[in-house]
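Asker: Please read through the structure below; I'll follow up with questions.
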Amino acid sequence: MSKAPDAEAQESALDNAYSMSPTHVMRVLAARADGLTGEEARERLATHGPNRLPERRRKHPAMRFLAQFNNVLIYFLLAASLAAFALNHVIDGAVIVAVVFINAVIGFVQEGKAENALDAIRDMIAPHAFALRDGRRTKLAVADLVPGDIVLLEAGDKVPADLRIIEARAALVDEAVLTGESVPAHKSAEPVADAAALGDRASMLYSGTLMATGQARAVVVGTGGNTEIGRISALMGAVESLQTPLLRQINHFGTLFTYFALALSVLLFAFATLVRGYNAVDALMVVVSLAVGVVPEGLPAVITITLAIGVQRMAARHAIVRRLPAVETLGATSVICSDKTGTLTRNEMTARHLVTPGLAAVVEGAGYRPEGRVGDGFVAVAPLPQGETDLLLYCAALCNDAELVHTDGDWRVLGDPMEGALLALARKAGLTPDGLAAWKRQDTIPFDAEHRFMATLHAGPDAERWVFVKGAPERLLAMAAGADTARWEGEIADAASRGERVLGFAARPASAGETTLAMERLGEGLTFVGIVGLIDPPRDEAITAIADCRTAGITVKMITGDHKDTAAAIARQLHLADDPKAMTGAELDEVAEADLPSVARSVSVFARTNPEHKLRIVRALQSNGQVVAMTGDGVNDAPSLKQADVGVAMGRKGTEAAKEAAEMVLANDDFASIVAAVREGRTVYDNIRKVIAWTLPTNGGEVLAVVVALFIGATLPMSPAQILWINMILTITLGLVLAFEPPEPRVMDRPPRSADAPLLSPFLLWRICFVSLLFTLGVFFIFNWALWRGHGVDIARTMVVNQLVVMEIFYLFNVRYLHQGSISLRGILGTPVLLLALAAVTLAQFAFTYLPVMHALFASAPVPFADGTLILLVGIVLLLILEVEKVLIGKTGFGRE
3 MSKAPDAEAQ ESALDNAYSM SPTHVMRVLA ARADGLTGEE ARERLATHGP NRLPERRRKH
63 PAMRFLAQFN NVLIYFLLAA SLAAFALNHV IDGAVIVAVV FINAVIGFVQ EGKAENALDA
123 IRDMIAPHAF ALRDGRRTKL AVADLVPGDI VLLEAGDKVP ADLRIIEARA ALVDEAVLTG
183 ESVPAHKSAE PVADAAALGD RASMLYSGTL MATGQARAVV VGTGGNTEIG RISALMGAVE
243 SLQTPLLRQI NHFGTLFTYF ALALSVLLFA FATLVRGYNA VDALMVVVSL AVGVVPEGLP
303 AVITITLAIG VQRMAARHAI VRRLPAVETL GATSVICSDK TGTLTRNEMT ARHLVTPGLA
363 AVVEGAGYRP EGRVGDGFVA VAPLPQGETD LLLYCAALCN DAELVHTDGD WRVLGDPMEG
423 ALLALARKAG LTPDGLAAWK RQDTIPFDAE HRFMATLHAG PDAERWVFVK GAPERLLAMA
483 AGADTARWEG EIADAASRGE RVLGFAARPA SAGETTLAME RLGEGLTFVG IVGLIDPPRD
543 EAITAIADCR TAGITVKMIT GDHKDTAAAI ARQLHLADDP KAMTGAELDE VAEADLPSVA
603 RSVSVFARTN PEHKLRIVRA LQSNGQVVAM TGDGVNDAPS LKQADVGVAM GRKGTEAAKE
663 AAEMVLANDD FASIVAAVRE GRTVYDNIRK VIAWTLPTNG GEVLAVVVAL FIGATLPMSP
723 AQILWINMIL TITLGLVLAF EPPEPRVMDR PPRSADAPLL SPFLLWRICF VSLLFTLGVF
783 FIFNWALWRG HGVDIARTMV VNQLVVMEIF YLFNVRYLHQ GSISLRGILG TPVLLLALAA
843 VTLAQFAFTY LPVMHALFAS APVPFADGTL ILLVGIVLLL ILEVEKVLIG KTGFGRE
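Structural data, given as structure tokens:
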């Protein structure tokens, strides 16, 4: 019986198992070809633990829910609700409590979804596997696998642990969840270089990946947390969820505003009682009314509604938002780190260049749709092969195991993507399925990573019999006699520089009596007929979207598991930068942490990256003050998706782990949808700024008017009940309409705002002071006008209430456009929501002014028509003053972030 080595020593010794021979790995593991015994497996299970990912300790749901209330603004809002209830202002109090509770529920649910990301990774591990135990093939629960077990895999099996291949035949493995590559990777038992990137480790099978074709026998070298997926899970556990810029700003604003409101309330109460001789109860009522008036209790509700509207608009553009604050964060995005395959590219291999001894042609069209012209000089393929070009096309179509199918108006491939692209090429050249069906396959040598080619023997019409071979061009050149090797090496290098994957093609007539293919005689009489360069082409809409990003000041970086040359070529086609620089993950490892931020800023393409690389890149960009959106689809992307300010997962090809870690999911896997979502995010932030720019100055104007009256010892222009009326009627009408505003023109022509830009910018601070002063002047003008006209205090106060409402309406029209003038046909017509709100406010004010029941409740009184006209004129004057101010501000650029 062999005894397992010390667990830690074994893990260290097998860190680079892919670069060791199978014999050496077996020796380190004390494993045997016929598998472990049951007793050995039990001992190792006790040493290494079950083959499952460790579970994190979770916070109790009740504590997670209570934590949602731990916020200064929430405390202040709850205090404001108590004040509102104390004044019998039940509606205001109930609205505040409802907003606080809804926000807490949303935060609780979303936090729970984020915790499910690790569960999604755990679910990727296969439930069972076949291994050799006691010399017999045995079906085992995957949790019972231990290092040293010999695992047997076939096509369709999910890899149950990290395995070192001992034997493999025609093994292709879909590793997209780990590497992001769309093409299955060829696997063999041969060791690879010690510095090989994850996607180049052909001798390894990783937990969670899928056997696409072939068979393999492999030994377990890593289980549970010691697998590649386990390391990714640990990375995710170490990533702290980031607060969005908006939430950081709201929290900071809430803290400052709380101190300001409390200090103002105490000072006003002291002044009213000690200096002006107010009764303590009367002074308290005035102060509490002002506190409720100054607190923008509707602001969180309006912000939530604004975000929710953004979610709906983004959903219409195929971007599904999982966390509300992510909507606004998108608007601040300054860097988008994107995967290549399927996001920037079509995820459909396409034959782009065809080269034979007599022809070099560019092939038109993209994807698997068999439409497009084969370039200049091409003569349609003959019914029987005539010359090298025909032979190449017949070889591409017949030495091929894929199938093209047309369903629901779209073409897709069943089988290897590159073989599907070759079928599309053959059809573009004139080969039809019926014509190809006449060629009967008699024998096959399947592709294998050891000999690096596939060969088929076909019998066609008119007794034509041919042997077709396709594979690595350098391998076929070595087999074919008389090929111009130097010329073809140049053609292959040119194709590689364009980022194309190159396949070589060779053919020969079958010899008399040859009914099977023999490896040792395959090269006799073989002619090298040409190469085809294949590429996963960029999406047309991605090229346009990247151009839009550059106009908007957003940098796009490609982070992919693909090869450096391929990624760089695609980056040039996408115009990712004027001169996109590329770097591999191995090169990134050589960069010191102190230099990483500058490298991350200057490099456009990061190729052959692993999860740690992606995480380092995102953190380096964030350390530069960038707001980073990160796209991904595989489990390898989950840590960086969680680390990014906005994680964007692919809805079609994305794993559940990626979706759970992300804030947004793209239903169509299209990069252009991200850019559309950024546009909506900027609109949302603009609308939030408009809400703040309208709410705080209008509240400030109401409060300042009363404060000034207290300080100068004048009659209060409004009673506490009237202050509460204004607060209530405008919060549920005009306070909401700005959330529905459409994007301003040229919203994507502005650079992204700074991540640390304050919620109250210099422009907004100026607006709060300036508009509050104008409102105060308007209040005292109309109040004193009413008294001068001989009206009583009740009519004067009613006119003040109406004046405030009218000024807030006209100010609303001004604030609808922060970056241009508001006096235009579009600006005057407004939106349906705005017009509906205006109708509601107008009806409410007529009721307040003229209904007897309102007179009894609020001490209001009817206003003469002439005075009502003056109130409207004051509102118009206010709008004109603010439009002039907007023009002057625009010329100076003061505070216009």
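Throughout, my numbering is defined as the position within the sequence shown, counted from one, plus 2.
The beta carbon of each residue, even a glycine, is placed where N, CA and C say it ideally should be.
So for ALA122, helix, strand or coil by DSSP?
Answerer: By one-based count along the sequence shown, residue 122 stands at place 120. Model confidence at ALA122 stands at a pLDDT of 48, short of 50, so the residue's coordinates are unreliable and nothing is read from them.
Asker: Reducing DSSP to helix, strand and coil, say where LEU155 ends up.
Answerer: Within the sequence shown, residue 155 is the residue found at index 153, counting from 1. If DSSP states are grouped into helix, strand and coil, LEU155 belongs with the strands.
Asker: Going by the DSSP bridge assignment, what does MET65 pair with across the sheet?
Answerer: Residue numbering aside, residue 65 sits at position 63 when the sequence shown is read from its first letter. MET65 is not bridged to any residue.
Asker: Could you tell me which whole beta strand (DSSP E) segments of length 3 or greater appear in the stretch 299–335?
Answerer: 321–323
Asker: Nearest to GLU526 by CA position, among PRO327, GLU230, LEU890, GLY484, is which residue?
Answerer: Mapped onto the sequence shown, residue 526 falls at position 524. Of PRO327, GLU230, LEU890, GLY484, the residue nearest in Cα terms is GLY484.
Asker: Check the C-beta distance from GLY37 over to ASP159 and give it rounded, since I have them as a contact under 8 Å.
Answerer: Locating residue 37 in the sequence shown gives position 35, where the first residue counts as 1. Locating residue 159 in the sequence shown gives position 157, where the first residue counts as 1. With a Cβ gap of about 17 Å, GLY37 and ASP159 do not count as contacting.
Asker: On the DSSP bridge assignment, give the partners of MET1 in chain order.
Answerer: No information on residue 1 is available, as it lies outside the stretch 3 to 899 that the chain covers here.
Asker: Pick out whichever of ALA282, GLU543, VAL288, LEU292 has its Cα sitting closest to the Cα of PHE262.
Answerer: Along the sequence shown, one-based indexing puts residue 262 at 260. Per the Cα distances, LEU292.
Asker: Hey, would you say VAL693 sits closer than 7 Å to VAL304, going by beta carbons?
Answerer: As a working note, residue 693 is residue 691 in the sequence shown. As a working note, residue 304 is residue 302 in the sequence shown. Taking 7 Å as the Cβ cut-off, VAL693 and VAL304 qualify as a contacting pair.
Asker: Return yes when the Cβ of LEU393 is within less than 7 Å of the Cβ of ASP445, no when it is not.
Answerer: Along the sequence shown, read from residue 1 onward, the residue named residue 445 stands at position 443. Along the sequence shown, read from residue 1 onward, the residue named residue 393 stands at position 391. No, the Cβ-Cβ distance between ASP445 and LEU393 is not below 7 Å.
Asker: On the DSSP bridge list, what partners appear for LYS160?
Answerer: What you label residue 160 is simply residue 158 of the sequence shown in a count that begins at 1. Partner(s): LEU212.
Asker: State yes or no: is the C-beta of THR345 within less than 7 Å of the C-beta of THR633?
Answerer: Here the question's residue 345 lines up with position 343 in the sequence shown. Here the question's residue 633 lines up with position 631 in the sequence shown. Contact flag set, yes.
Asker: Return the bridge partner residues of PHE455 from the DSSP annotation.
Answerer: Translated into positions along the sequence shown, residue 455 becomes position 453. Looking at the DSSP output, PHE455 sits in a beta bridge with GLY473.
Asker: Shortest alpha-carbon distance to ILE307 belongs to which of THR871, PRO327, VAL288, ALA321?
Answerer: By 1-based counting over the sequence shown, the position of residue 307 is 305. The shortest C-alpha separation from ILE307 is found at PRO327.
Asker: Check for me: the alpha helix (DSSP H) holding SER774 runs from which residue to which?
Answerer: The residue given as residue 774 occupies position 772 in the sequence shown. 764–790 is the extent of the alpha helix (DSSP H) around SER774.
Asker: Could you say if the stretch 395–414 and the stretch 457–472 meet the contact criterion of at least three C-beta pairs nearer than 8 Å?
Answerer: yes
Asker: Is there contact between the stretch 849–857 and the stretch 788–795, where contact requires at least three CB pairs shorter than 8 Å?
Answerer: no
Asker: Using 10 angstroms around the beta-carbon of ASP639, count the other beta-carbons present and answer buried if the total reaches 16, otherwise exposed.
Answerer: In the sequence shown, the residue the question calls residue 639 occupies position 637. That one is buried.
Asker: Check whether the stretch 356–372 touches the stretch 435–445, counting contact only when three or more Cβ pairs, one atom from each stretch, lie closer than 8 Å.
Answerer: The count of Cβ pairs closer than 8 Å, one atom from the stretch 356–372 and one from the stretch 435–445, stays below three, leaving the stretches out of contact.
Asker: On the DSSP letters alone, give me the boundaries of the alpha helix (DSSP H) that HIS857 sits inside.
Answerer: Here residue 857 corresponds to residue number 855 of the sequence shown, with the count starting at 1. Bounds of the alpha helix (DSSP H) holding HIS857 are 854–860.
Asker: Out of ALA191, ALA199, MET560, ALA465, point me to the one whose CA is closest to PHE673's CA.
Answerer: Here residue 673 refers to the residue found at position 671 of the sequence shown. Residue MET560 is the option with its Cα nearest to PHE673.
Asker: If you draw a straight line from the C-alpha of VAL27 to the C-alpha of GLN388, how long is it?
Answerer: Along the sequence shown, one-based indexing puts residue 27 at 25. Along the sequence shown, one-based indexing puts residue 388 at 386. Their Cα atoms are separated by approximately 52 Å.
Asker: Can you give the Cα-Cα distance for TYR20 and GLY555, rounded to whole angstroms?
Answerer: Taking the sequence shown and counting its residues from 1, one reaches residue 20 at position 18. Taking the sequence shown and counting its residues from 1, one reaches residue 555 at position 553. C-alpha separation (whole angstroms): 43 Å.
Asker: What would DSSP say about ALA116, mapped onto helix, strand or coil?
Answerer: Within the sequence shown, numbered from 1, the residue matching residue 116 stands at position 114. Residue placement at ALA116 cannot be trusted, given a pLDDT of 42 that sits under 50; what the coordinates show is reported in the next sentence. Three-state DSSP puts ALA116 in a helix.
Asker: Does DSSP put ILE127 in a helix, a strand or coil?
Answerer: By one-based count along the sequence shown, residue 127 stands at place 125. Caution is warranted here: a pLDDT of 47 is assigned to ILE127, below 50, making its placement in the model unreliable, and the coordinate value is therefore given only provisionally. ILE127: coil per DSSP, three-state reduction.
Asker: If you reduce the DSSP assignment to three classes, tell me which class PHE449 lands in.
Answerer: Here residue 449 refers to the residue found at position 447 of the sequence shown. Looking at PHE449 - three-state DSSP - the assignment turns out to be coil, as it is neither helix nor strand.
Asker: Determine the contact status of VAL609 and ALA569, defining contact as a CB-CB distance below 7 Å.
Answerer: Taking the first residue of the sequence shown as position 1, residue 609 is located at position 607. Taking the first residue of the sequence shown as position 1, residue 569 is located at position 567. Correcting the residue identity first, residue 609 is Ala in this sequence and not Val. In this structure, ALA569 lies closer than 7 Å to ALA609 by Cβ.
Asker: Is it buried or exposed for LYS622, if we count other Cβ within 10 angstroms and need 16 for buried?
Answerer: Reading the sequence shown from its first residue, position 620 is the one you call residue 622. Residue 622 is actually Ala in this sequence, not Lys. Classification for ALA622: buried.
Asker: Let me confirm a value: ILE167 is counted as buried when at least 16 other C-beta atoms fall within 10 Å, else exposed. Which label applies?
Answerer: Numbered from its first residue, the sequence shown carries residue 167 at position 165. Label assigned to ILE167: buried.
Asker: Is the stretch 453–466 touching the stretch 193–203, taking contact as three or more C-beta pairs under 8 Å?
Answerer: A contact is defined here as three or more CB-CB pairs under 8 Å, and the stretch 453–466 fails this definition with respect to the stretch 193–203.
Asker: Could you check the C-alpha separation between LEU142 and LYS655 for me, to the nearest Å?
Answerer: Numbered from its first residue, the sequence shown carries residue 142 at position 140. Numbered from its first residue, the sequence shown carries residue 655 at position 653. Looking at the two C-alpha atoms, the distance is approximately 29 Å.
Asker: Could you tell me how far apart the beta carbons of THR343 and PRO539 are, in whole angstroms, since I believe they sit closer than 8 Å?
Answerer: In the sequence shown, residue 343 corresponds to position 341, counting from 1. In the sequence shown, residue 539 corresponds to position 537, counting from 1. No, THR343 and PRO539 are not in contact; Cβ-Cβ is about 11 Å, not under 8 Å.
Asker: State the DSSP-derived secondary structure class of LEU266, mapped to helix, strand or coil.
Answerer: Working through the sequence shown from its first residue, we reach residue 266 at position 264. Helix, per DSSP.
Asker: So what does VAL648 bridge to, in DSSP terms?
Answerer: Counted from its first residue, the sequence shown places residue 648 at position 646. Bridge partners of VAL648: ALA631.
Asker: To the nearest angstrom, how far is the alpha carbon of ALA116 from that of PHE782?
Answerer: Numbered from its first residue, the sequence shown carries residue 116 at position 114. Numbered from its first residue, the sequence shown carries residue 782 at position 780. Confidence is the limiting factor: at ALA116 the pLDDT is only 42, short of 50, which leaves the residue's position unreliable, though a coordinate-based value still follows. Straight-line Cα distance between these residues: approximately 53 Å.
Asker: If you draw a straight line from the C-alpha of ASN689 to the C-alpha of HIS320, how long is it?
Answerer: The residue given as residue 689 occupies position 687 in the sequence shown. The residue given as residue 320 occupies position 318 in the sequence shown. Between ASN689 and HIS320, the C-alpha separation is close to 22 Å.
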